[in-house]
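These notes are about the structure you will find just below.
Chains as they are written, first to last, in my numbering: chain W, 1 to 243; chain R, 1001 to 1412.
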C-alpha cells in the first residue's frame, strides 16, 4: 500500500503531502571511494503527521534529515516540500525555503549565548525581513506557546536545559513553518526533562503542526504516530501506530 | 536582513568583544590620528609661511639685493663655494642702485650679526645686531613705543645711538627707563634713543631680541668688513613696481660688475617668493613622507582587522551555521561580517579623528609648530578608516558566507 510507488517523475505530489522524496540518493566523494549514504529513499509525509525517523548510526538518517531540512542537496532523485520541488534549487533559494518552511530543533539547542531568549526567537524573523515591532510580538507569542512567557529576557546560561530547548522550539515555530524538524531533541536532556519536551511536541502536533523527529532512542520514537526505520541508506520499515 | 539590523548586530558584537575590537581598531586609530595631525601641521605651517613668515622676513613687494640667497634648501658645497667667491655688496653698489631706480621705492641698508650686549653690568648674549639706514624701520614695519628712531643726520654722521628690541630693553633695563642710558657692544658705548614695540615669536624664535644702530655707526665695523653691507632692501608699493625696480637694479649691478651678456649674475635679488620656494621644498618632502606613513599604518591596521575577523569567523562557525539553517542567505552573512569590520574601523577612525584634532590643538598651544586642523582631513580620515574596514572585511566575510551550514553546525 506504499504511496511512494505510485509517484512517477514528472508528477506533482497530492496537495496534503508536505514531504515527498522519490528515489532520493546522496553520495559523498571521500577521495578513494564513494560513500553511498542514501541509496534511493522514497517517502511521503502528509500534513499533520508526527513521524520519527530511526536507525542505527551510519544508516543515513542524518543525511536524510539534512536533505529534508534543505541544508544539503541530493545526488539523485526528487524532493518536494509543500508543493515546491526543492531538489534543484540554488543556495539562496534553499535559504529562503529553510526560513519559511522549516523549523529546526537541534540536539545542542544552538542558541546564541549573548542574546536573550526573545532575541534568539526573533532571529528567523530578522532573515525573513519582518519589521522590528511585528518581530517582537511574534517572538513573544511563540515563547508563550512553549510556556516561557516569564523567561523572555533571560539569556541561555540563565535557563535550564529543558527551558533552553523550549526556547529553541519557540524559535523553530516563530515563522509558522510547514514542518518542525527535530534532530535528537532530547539527546542532551535527562529523562524527566525529555518527557516534558515530548509533551510540548505532542501538544504542537495536536494543534496541527507537522513534526519530523530523528532519534535513535526507541522510547522517544514511541511518542510519534509513525516510525520510519532506515538501514544502510534504505527504508527498512515504515510502521503506522494503531490509533 | 536589513541594513540597520546588520549595523546594530555589528555594534553588539563590537561591544561584546571589547578587547579584541580594541586591538583591531588600534591600527586604523593610529593611522587616522597621524593623518589628521600631520595634515594639520602642514596646513598650519603653510598658512603661517604665506601669511606671516614671508611677510616678516622679507616683506610684501620687497626684494633684497644680496651676494647670495638667504633662504636656500639643500645646496651643494660647490655652489656654496662659488657664492662665497662672489664680491660683496659695497656701500657704493647699494647707493648706486638706490639712486638709480626710477619707480617710487623705499630703500634701506642692512648688515646683521649676533653678539653680546652689555649695560650696567648686565649681559645679554646672542642678540641680533643690525646696522641699517633710517628707512629700515618703515620698510620692516618696526614701531617705536618709547623715544624715537634715528635720523638721516645720525646715519650720515655715524652717531653711536641705538634702538633696542623689546626683549633687550626688558632684560637690561628691567626696573628703569632705558632712555639715554648706555649699552656696550664690542667694548664701545651707544646711547639708547628708542625701544621697539613687541613683535612676539616666529617658529619659536623671539623677534624682539635685537638692537638697531645707524649704518655708519661703529656697529657697522663690528658686523661687516669696512665698506660692505649684507643687503640693500628695496620696497615698492605694488608688485609691478617691484618687478620694474628689480630689473633696473639688475641692470645697474651688471653694469657696475662689468658682466658680459652671457655671464650669470654674481649677486641675487631675493623676494618673498624665494622664501616660499624654500618652504615648498620642505612641503614636497612632507607630502611624500606623510601619506607614506599614514598608508603603512592603515595597511597594518587593515591586516590586523582582517586577522581578527578571520579569527572571529573561525570562532563563530557554529553561529554562522545556525544562522544559515534559520534562513540567512550568503549576502546576509557577508553583510554581517562586513558591517562588523567596518564598524570596528569606523570607531577606530572616529577615535583617531578626535585624538588627531586634540593632538593638533595641543601642538599648536604647547610648541612652536603652528598646526591648523583642516576639515577636509577629518572627512578623509573617516572615509579612509571605514574604507580600510570594508577592504579588510571582504575576505573574512566571504569565507563566512561560503561556509557549508552542515559542516558549520557540526563544529564544536
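Note that beta-carbon positions come from the ideal geometry of N, C-alpha and C, so glycine has one too.
None of these values were measured; they are calculated from a predicted model.
Problem - Stretch pair the segment 85-105 of chain W + the segment 57-74 of chain W: three plus CB contacts closer than 8 Å - result: Contact annotation: the segment 85-105 of chain W touches the segment 57-74 of chain W, with at least three C-beta pairs closer than 8 Å.
Handout entry: Reference residue 236 of chain W, options W/207, W/59 and W/29, closest by Cα
Key = The residue given as residue 236 of chain W occupies position 236 in the first chain. Of the listed residues, the one whose Cα sits closest to residue 236 of chain W is W/59.
Problem - 6 Å Cβ shell around residue 1043 of chain R - same chain, five flanking residues per side excluded - result: Your numbering for residue 1043 of chain R matches position 43 in the second chain. If we look at residue 1043 of chain R and ignore the five residues flanking it on each side, its Cβ neighbours are 1372 and 1374.
Handout entry: residue 1301 of chain R and residue 1031 of chain R closer than 7 Å at C-beta
Key = As a position in the second chain, residue 1301 of chain R is number 301, starting the count at 1. As a position in the second chain, residue 1031 of chain R is number 31, starting the count at 1. Contact annotation: residue 1301 of chain R and residue 1031 of chain R have beta-carbon atoms nearer than 7 Å.
Problem - Member of W/185, W/91, W/130 and W/101 whose CA lies at the smallest distance from the CA of residue 1329 of chain R - result: Taking the second chain and counting its residues from 1, the one referred to as residue 1329 of chain R is at position 329. Considering only alpha carbons, the answer is W/91.
Handout entry: Completely contained alpha helix (DSSP H) runs for the segment 151-227 of chain W, where each covers 4 or more residues
Key = Whole alpha helix (DSSP H) segments, 4+ residues: 161-173, 191-206 and 218-221.
Handout entry: Residue-level contact to chain W via CB, residue 1362 of chain R, 7 Å cutoff
Key = Residue mapping note: residue 1362 of chain R aligns to position 362 of the second chain, counting from 1. False, the Cβ-Cβ gap to chain W never drops below 7 Å.
Practice task
Helix, strand or coil for residue 92 of chain W, going by three-state DSSP, please let me know.
Solution key: Counted from its first residue, the first chain places residue 92 of chain W at position 92. In the structure shown, residue 92 of chain W sits in a helix (DSSP, three-state: H, G or I).
Problem - Residues sharing a beta bridge with residue 1271 of chain R, DSSP - result: Taking the second chain and counting its residues from 1, one reaches residue 1271 of chain R at position 271. Within the DSSP secondary-structure output, residue 1271 of chain R pairs in a beta bridge with R/1063.
Exercise for the section: Could you name the residues of the same chain whose beta carbon sits closer than 8 Å to that of residue 177 of chain W, not counting the 5 residues immediately before and after it, in chain order? Expected result: Taking the first chain and counting its residues from 1, one reaches residue 177 of chain W at position 177. If we look at residue 177 of chain W and ignore the five residues flanking it on each side, its Cβ neighbours are 100, 101, 102 and 103.
Exercise for the section: Would you mind working out which of R/1179, R/1064, R/1204 and R/1009 sits nearest residue 1365 of chain R, comparing C-alpha positions? Expected result: The sequence position of residue 1365 of chain R within the second chain is 365, counting from 1. Checked all of R/1179, R/1064, R/1204 and R/1009; the closest Cα to residue 1365 of chain R is R/1204.
Problem - Local conformation of residue 1257 of chain R per DSSP, three classes - result: For this step, residue 1257 of chain R is matched to residue 257 along the second chain. DSSP places residue 1257 of chain R in coil when its eight states are reduced to three.
Practice task
Go ahead and label residue 1271 of chain R buried or exposed: buried means 16 or more other beta carbons lie within 10 angstroms of its beta carbon, across all protein chains shown.
Solution key: In the second chain, the residue the question calls residue 1271 of chain R occupies position 271. Around the C-beta of residue 1271 of chain R, 16 or more other C-beta atoms lie within 10 Å, and the residue is accordingly described as buried.
Practice task
Select from the segment 89-114 of chain W all residues with a C-beta closer than 8 Å to any C-beta belonging to chain R, and list them in chain order.
Solution key: Identification of residues in the segment 89-114 of chain W having a C-beta nearer than 8 Å to some C-beta of chain R yields 91, 92, 95, 96, 98, 99, 100, 104, 106, 110, 112 and 114, given in sequence order.
Handout entry: Chain-ordered chain R contacts of residue 14 of chain W [CB-CB under 7 Å]
Key = Position 14 of the first chain, counted from the first residue, corresponds to residue 14 of chain W. Listed along chain R is no residue with a C-beta nearer than 7 Å to that of residue 14 of chain W; the closest approach is about 27 Å.
Exercise for the section: Indicate, with yes or no, if the ligand SAM has a heavy atom lying under 6 Å from the CB of residue 232 of chain W. Expected result: As far as ligands go, the structure on display features none, and thus does not contain the ligand SAM.
Problem - Close-in-space but distant-in-sequence residues of the same chain around residue 80 of chain W (CB under 6 Å, 5 per side omitted) - result: Counting from one through the first chain, the residue named residue 80 of chain W turns up at place 80. The beta carbon of residue 80 of chain W sits closer than 6 Å to those of 13 and 20, all from its chain and outside the five residues before and after it, given in chain order.
Exercise for the section: Compare the C-beta of residue 185 of chain W with all C-beta atoms of chain R and state if any pair is closer than 7 Å. Expected result: Within the first chain, numbered from 1, the residue matching residue 185 of chain W stands at position 185. Judged by the 7 Å Cβ criterion, residue 185 of chain W is not in contact with chain R.
Practice task
Assuming residue 183 of chain W contacts residue 65 of chain W (C-beta within less than 8 Å), just tell me the rounded distance between them.
Solution key: Numbered from 1 along the first chain, position 183 holds the residue referred to as residue 183 of chain W. Numbered from 1 along the first chain, position 65 holds the residue referred to as residue 65 of chain W. About 6 Å; that satisfies the 8 Å criterion.
Practice task
Take residue 1294 of chain R as the anchor and find which of R/1323, R/1028, R/1007 and R/1379 has the nearest alpha-carbon.
Solution key: Within the second chain, the letter at position 294 stands for residue 1294 of chain R. The candidate whose alpha carbon is nearest that of residue 1294 of chain R is R/1028.
Practice task
Just mark residue 1407 of chain R as buried or exposed, buried being the case when its beta carbon has 16 or more other beta carbons within 10 Å.
Solution key: The residue you call residue 1407 of chain R lines up with position 407 of the second chain. Result: exposed.
Exercise for the section: Anything in the segment 67-78 of chain W with a Cβ closer than 8 Å to a Cβ of chain R? List those residues in chain order, please. Expected result: Those would be 69, 71 and 72, in chain order.
Practice task
Enumerate, from N- to C-terminal direction, the unbroken beta strand (DSSP E) stretches of 3 or more residues contained entirely within the segment 1071-1136 of chain R.
Solution key: Runs found: 1105-1119 and 1122-1132.
Exercise for the section: To the nearest angstrom, report how far apart residue 1002 of chain R and residue 225 of chain W are at their CA atoms. Expected result: Working through the second chain from its first residue, we reach residue 1002 of chain R at position 2. Working through the first chain from its first residue, we reach residue 225 of chain W at position 225. Spanning the two alpha carbons is a distance of roughly 41 Å.
Practice task
Output yes if chain R places a C-beta closer than 7 Å to the C-beta of residue 123 of chain W; else output no.
Solution key: Here residue 123 of chain W refers to the residue found at position 123 when the first chain is read from its first residue. Under the Cβ distance rule, residue 123 of chain W counts among the residues neighbouring chain R, one pair being separated by less than 7 Å.
Exercise for the section: May I ask you to report which of helix, strand or coil DSSP gives residue 49 of chain W? Expected result: Within the first chain, the letter at position 49 stands for residue 49 of chain W. Coil, per DSSP.
Exercise for the section: Just list the beta strand (DSSP E) runs in the segment 52-111 of chain W, keeping only unbroken ones of 3 residues or longer that don't cross its boundaries, in chain order. Expected result: As far as the segment 52-111 of chain W is concerned, its whole beta strand (DSSP E) runs of at least 3 residues are 76-81 and 102-105.
Problem - Residue from R/1211, R/1135 and R/1025 whose Cα sits closest to the Cα of residue 1236 of chain R - result: Along the second chain, read from residue 1 onward, the residue named residue 1236 of chain R stands at position 236. Of the listed residues, the one whose Cα sits closest to residue 1236 of chain R is R/1135.
Exercise for the section: Check whether the Cβ atoms of residue 1195 of chain R and residue 1146 of chain R sit closer than 7 Å, and answer yes or no. Expected result: Taking the first residue of the second chain as position 1, residue 1195 of chain R is located at position 195. Taking the first residue of the second chain as position 1, residue 1146 of chain R is located at position 146. The answer is yes: Cβ separation under 7 Å.
Problem - Straight-line Cα distance separating residue 167 of chain W from residue 214 of chain W - result: Numbered from 1 along the first chain, position 214 holds the residue referred to as residue 214 of chain W. Numbered from 1 along the first chain, position 167 holds the residue referred to as residue 167 of chain W. Between the alpha carbons of residue 214 of chain W and residue 167 of chain W lies a gap of roughly 19 Å.
Handout entry: Nearest candidate by alpha-carbon position, reference residue 228 of chain W, set W/141, W/110 and W/44
Key = For this step, residue 228 of chain W is matched to residue 228 along the first chain. Looking at the Cα atoms, W/44 is the closest of the given residues.
Exercise for the section: Taking only beta carbons into account, state which residues of the segment 1310-1323 of chain R come closer than 9 Å to chain W, listed in chain order. Expected result: So the close ones are 1318, 1319, 1321, 1322 and 1323.
Handout entry: Paired residues, beta bridge with residue 1196 of chain R - DSSP
Key = The count along the second chain starts at 1 and reaches residue 1196 of chain R at position 196. In the DSSP output, where bridge partners are listed per residue, residue 1196 of chain R has R/1144.
Problem - Anticipated Cβ contact below 8 Å, residue 1241 of chain R with residue 1105 of chain R, distance rounded - result: To locate residue 1241 of chain R, count along the second chain from 1; it is residue 241. To locate residue 1105 of chain R, count along the second chain from 1; it is residue 105. 7 Å between Cβ atoms; contact.
Handout entry: Whole-angstrom C-beta distance between residue 1267 of chain R and residue 1253 of chain R, which should lie under 8 Å
Key = Reading the second chain from its first residue, position 253 is the one you call residue 1253 of chain R. Reading the second chain from its first residue, position 267 is the one you call residue 1267 of chain R. About 5 Å; that satisfies the 8 Å criterion.
Practice task
Determine the direct distance from the alpha carbon of residue 193 of chain W to that of residue 160 of chain W, and round the result to whole angstroms.
Solution key: For the purposes of this step, residue 160 of chain W is taken as the residue at position 160 of the first chain. For the purposes of this step, residue 193 of chain W is taken as the residue at position 193 of the first chain. Between the C-alpha atoms of residue 160 of chain W and residue 193 of chain W there is a straight-line separation of about 10 Å.
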